[in-house]
Amino acid sequence: MPLPLPSHRRLTASAALLAALAGVLAPATTATAAPAPTAPAAAPAAAPARTPAPDMAGVVAALESAVANGAPGAMARYLGSDGARERAVGVRDRRSGAAMDTRARFRIGSVTKTFSSVVLLQLVEEGRLTLDAPVNTYLEGLLPDDRITARHLLTHRSGLADYTNAMFERTVPGFEAVRNRVFSCQELVDLSLAEPRTTEPGAAYRYSNANFVVVGMLIEKLTGRPVADAYQRRIIKPLRLDATSYVHPDTRIRGTHVRGYLHPDEAGGPLVDSTEQTLSWAQSAGAVISSPADLNTFTSALMRGRLLSPATLEEMTTVTPTDATGTRFYGLGLRRYDLTCGTQVYGHTGTVQGYYTYAFSTRDGRRSLSALANTSNHGAANTALGDTLEAAFCGRKQSPAPTARSTAPDGTLDHAPLPAERDLPERY
């Protein structure tokens with residue numbers, strides 16, 4: 015049965031919607047190719063590319079590598095045309111020894127940013143916000159630069175400093191200082207503004223949690239309700255995400271859940287159980303709780319157009335590079351990763367004390383993967399977990415022709431994963 019659609023969606027855009035979505039799109043990420051020669055009339059049509067079966071043994075190997083690199087446990091859930099496939103290794107609770115459980119809930123960290131982006135873009139569709147209008151139009155006097163727009167926030171191109179760099183410069187002491195603290199959004203913005211700005215508005219990508227704190231403030235200003243209400247009414251309820259919630263500033267994760275474990279900065283130091291925390295330092299940048307199945311549903315539904323109109327989704331998936339690898343990009347609250355097999359996946363990574371998360375889907379929404387390792391501040395575990403994407407979406411590795419990305423200088427195959435992108439400061 016089709017899921018009920020929110021009342022805001024319209025396939026026929028009004029003049030107000032077109033004006034709201036107006037503005038210069040982010041630059042294309044690849045150069046435009048010259049037109050291909052016209053094929054002879056008699057040439058047969060090329061056969062459609064075959065979707066590779068997920069390499070679940072490869073997924074398990076990636077999970078086991080995350081555990082070998084310091085995570086107590088790890089799990090992944092792949093959803094495709096033939097249903098769901100789930101894998102788990104290690105433990106979700108070191109004290110009880112309870113095995114990792116793919117039905118368990120956990121803190122998804124910066125995957126929350128995609129939830130926040132969807133809500134803000136729905137408000138754009140409803141004519142309540144213009145992406146390229148100054149943020150100060152809606153939150154008068156909040157920011158010191160009238161050039162900063164909502165688009166700049168969603169693409170991490172505002173230049174607002176990430177206050178978490180100073181907050182978590184020393185990982186465990188920084189965390190313990192804020193574990194039970196409740197911040198106002200204004201306090202978090204003030205922490206950002208106390209630091210030098212990182213770039214001119216629109217000039218460059220600079221990841222900052224401050225951007226999505228301001229996004230949350232915009233949502234609350236425009237709706238007149240807490241951001242939790244917007245998530246519930248606009249995403250969680252329509253998609254029936256029964257394991258998903260935003261409970262700030264409650265410190266608990268209700269029901270069966272994964273306990274998180276934070277690595278200290280000192281090698282060999284004891285892990286810190288970081289499960290209970292307010293997550294007030296993140297709020298609309300990272301405080302949502304969910305499960306593997308709900309994350310599959312969310313990313314697939316988003317890519318299938320069940321939350322946004324086609325025009326808005328096209329804007330959301332228009333991306334610019336985040337590094338020089340030619341494989342990682344950012345749109346409007348959405349990452350795109352280009353995998354070694356040529357498949358492009360959209361979603362977000364998440365890091366919060368004790369948890370690493372990946373939640374990605376193909377552009378057509380037909381295949382999705384969510385993965386978790388219950389540790390953080392240990393980049394090797396994060397990088398290992400990210401290799402679940404290659405196994406799930408590219409299938410079992412063959413022996414490809416040599417390419418710049420797949421071969422070492424001596425001509426041998428080299429499939430070492432790229433280091434994970436950092437959503438928080440951490441030791442690598």
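Residue numbers 15 to 442, in the numbering used here, belong to the letters of the sequence shown in order.
Glycine included, C-beta positions come from ideal geometry on N, C-alpha and C.
For clarity, every value in this text was computed on a predicted model and none was experimentally measured.
Shown here for Gly393: same chain residues with a beta carbon closer than 8 Å to its own, the five before and five after excluded, namely Pro433, Ala434, Arg436, Glu440, Arg441 and Tyr442 in chain order. In its chain, beyond the 5 residues on either side, Met89, Met114 and Thr116 have a beta carbon closer than 6 Å to the beta carbon of Ala102. With fewer than 16 neighbouring CB atoms inside 10 Å of its own CB, Gln200 falls in the exposed class. Beta-bridge analysis with DSSP links His271 to Arg119. Across the set Ser206, Asn194 and Ala112, the C-alpha of Asn194 shows the shortest separation from the C-alpha of Leu293.
Rounded to the nearest whole angstrom, the CA to CA distance from Val272 to Pro86 is 10 Å. Under the DSSP assignment, Leu403 falls in the alpha helix (DSSP H) whose first and last residues are Gly393 to Cys408. Leu383 carries a strand assignment under DSSP once its states are collapsed to helix, strand and coil. When secondary structure is reduced to three states using DSSP, Ala373 falls in the strand class. Taken in chain order, the complete beta strand (DSSP E) segments of 3 or more residues contained in the region 74-121 are 87-94 and 97-104. Take Ser305, set aside five residues on each side of it, and the residues of its chain with a beta-carbon closer than 6 Å to its own are Arg119 and Ala257, in chain order.
Setting aside the 5 residues that flank it on each side, Tyr92 is surrounded in the same chain by Pro68, Arg99, Leu383 and Ala406, each with a C-beta closer than 6 Å to its C-beta; the list follows chain order. Taking 8 Å as the cut-off, the beta carbon of Tyr344 is found closer than this to the beta carbon of Tyr219. Judged by beta-carbon spacing, Ser375 lies beyond the 8 Å limit of Met330, meaning their Cβ atoms are not closer than that value. Here the alpha carbons of Leu309 and Val366 stand approximately 16 Å from one another.
Straight-line measurement puts the Cα of Ser206 at about 25 Å from the Cα of Thr237.
In this structure, the straight-line span from the alpha carbon of Gln291 to that of His262 is close to 9 Å. According to the DSSP secondary-structure assignment, Val228 is paired through a beta bridge with no residue.
Around the beta-carbon of Pro215, 16 or more other beta-carbon atoms lie within 10 Å, marking it buried. In the DSSP assignment, Gly141 falls outside any beta strand (DSSP E), carrying neither H nor E. Excluding five sequence positions before and after Ile267, the CB atoms of its chain that fall closer than 6 Å to its own CB belong to Arg119 and Ile303, given in chain order.
Taken atom to atom, the span from the alpha-carbon of Gln297 to that of Ser79 is near 31 Å. Judged by beta-carbon spacing, His277 lies beyond the 8 Å limit of Ser124, meaning their Cβ atoms are not closer than that value. Sixteen is the threshold: when 16 or more other Cβ atoms of the shown chains lie within 10 Å of the Cβ of Gly364, as they do, the residue is buried. The DSSP-derived three-state label of Ile162 is coil.
DSSP, reduced to helix, strand and coil, places Tyr245 within a helical segment of the structure shown. DSSP places Ser222 in the coil class of the three-state scheme, outside both helix and strand. For Val203, the enclosing alpha helix (DSSP H) starts and ends at Cys199 to Leu207.
By the beta-carbon neighbour count (other beta carbons within 10 angstroms, threshold 16), Val229 is buried. Annotation for Gly72: Ala405 place their beta carbon closer than 6 Å to its own, counting only its chain and skipping 5 residues before and after.
Collapsing the DSSP output to three states places Gly368 in coil.
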